[in-house]
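Set out below in structure tokens:
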């Protein structure tokens, strides 16, 4: 025997006793519809909201055989769902009653008139039982495979945390490890939505597209596509790029915050290289422009602006005074070189033309002997 409970709550697909009788007759099975204690009585929610005056009843269906004694809870619930679907009652049944192998029902009023659906056959549940067993067995096999997959990932979790961090001379960089520190649950909820659930010791997020097992706060496994993501690889998938700058900028738009950092080591190198040859602010700034391939550099009192990045001189281990002193020193060296070049040219111009034709090695020897110490 199968007993199904219909309350016609506001959230349910409404089905009157008359409609239920017609539906069961169309299925060609014997059944009885028994009005319940609250039939045609106004019911209220816990908050006092009316559920209305509705047909409320139970459908009692005799079956050829009883449900197997050793049927477990999962198989029983699956059997009930398949039965409801086969009868065309999905959406109208009180689903909480489908999970209970044993359930207490209040007695119907003695004056309640049952509605009998007469048919030539009694419902055969064998095929539905077999299908329920098959479905549950398959579902359990999938869950077990998922569990083993999670154990495998947990055992080898370090490989999912490896991130390549190549060095470069770029003005800015994105710290991949910082992106990996963004909680992956927050990313999934932000970009896909979904609802969290727990099965045993495992936490899941089920989205419209897939089901993620949350291994820890920075690692999740997509069961549908059999892919394990850390926060960075998840962002690469979402934004369809491996370019860290693009990922960082898109993430800043989505979450706020800053994920692009100034490459201070590269700035230190650029400043040091620029100071080797620069003699004033203009040439100093020009050297840095060339180093980074940018169009704007401006040296200020306590900072230097390169492209769209304002960088404190203190952060790169230098101050404006040192820059000024170095530029001044470079100018002095440059002036000395020019003076020496002019003097050498003057000395050459006073030589007799015949002397100029003498072997260069002798002239150089003679010059080295006393030309610069006179």
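Numbering (this note's numbering), first residue to last: 179 to 552.
Note that beta-carbon positions come from the ideal geometry of N, C-alpha and C, so glycine has one too.
Quiz item: Grouping DSSP H, G and I as helix and E and B as strand, with all else coil, what is residue 265?
Solution: helix
Quiz item: Within the 7 Å Cβ cut-off, does residue 432 reach chain C?
Solution: You won't find chain C in this structure, because it holds only one protein chain.
Quiz item: Mapping DSSP to helix, strand and coil, what is residue 394?
Solution: Residue state, collapsed to three classes: strand.
Quiz item: Roughly how many angstroms lie between the CA atoms of residue 281 and residue 259, to the nearest whole one?
Solution: Going by the C-alpha atoms only, they are around 16 Å apart.
Quiz item: Taking just the CA atoms, how far does residue 354 sit from residue 344?
Solution: In this prediction, residue 344 has a pLDDT of 48, which is less than 50 and means its spatial position is unreliable; nothing more can be read from the coordinates.
Practice problem: Tell me residue 351's beta-bridge partners as DSSP assigns them. | Solution: 439
Practice problem: Using only alpha-carbon positions, find the residue among 296, 350, 511 and 191 that is nearest to residue 486. | Solution: 350
Quiz item: Are the segment 382-394 and the segment 367-374 touching, with three or more C-beta to C-beta distances below 8 Å?
Solution: yes
Practice problem: Please check the pair residue 243 and residue 180, which I expect to be a contact at CB under 8 Å, by giving their CB distance rounded to whole angstroms. | Solution: The C-beta distance from residue 243 to residue 180 rounds to 11 Å, too long to fall under 8 Å, and the pair is not in contact.
Exercise. Tell me, to the nearest whole angstrom, how far the beta carbon of residue 324 is from that of residue 401; I am working on the premise that it is less than 8 Å.
Key: 6 Å
Quiz prompt | First and last residue of the uninterrupted beta strand (DSSP E) at residue 222 | solution = 220-222
Practice problem: Figure out for me which residue from 263, 319 and 296 has the closest Cα to the Cα of residue 306. | Solution: 263
Practice problem: Kindly indicate which three-state DSSP category residue 376 falls into: helix, strand or coil? | Solution: strand
Quiz item: With a Cβ-Cβ cutoff of 7 Å, do residue 450 and residue 347 count as a contact?
Solution: no
Practice problem: Could you round the C-beta distance between residue 239 and residue 271 to whole angstroms and report it? I think they count as a contact, below 8 Å. | Solution: No, residue 239 and residue 271 are not in contact; Cβ-Cβ is about 12 Å, not under 8 Å.
Quiz item: Whose C-beta lies closer than 7 Å to the C-beta of residue 205 among residues of the same chain, with five residues either side of it excluded?
Solution: 265
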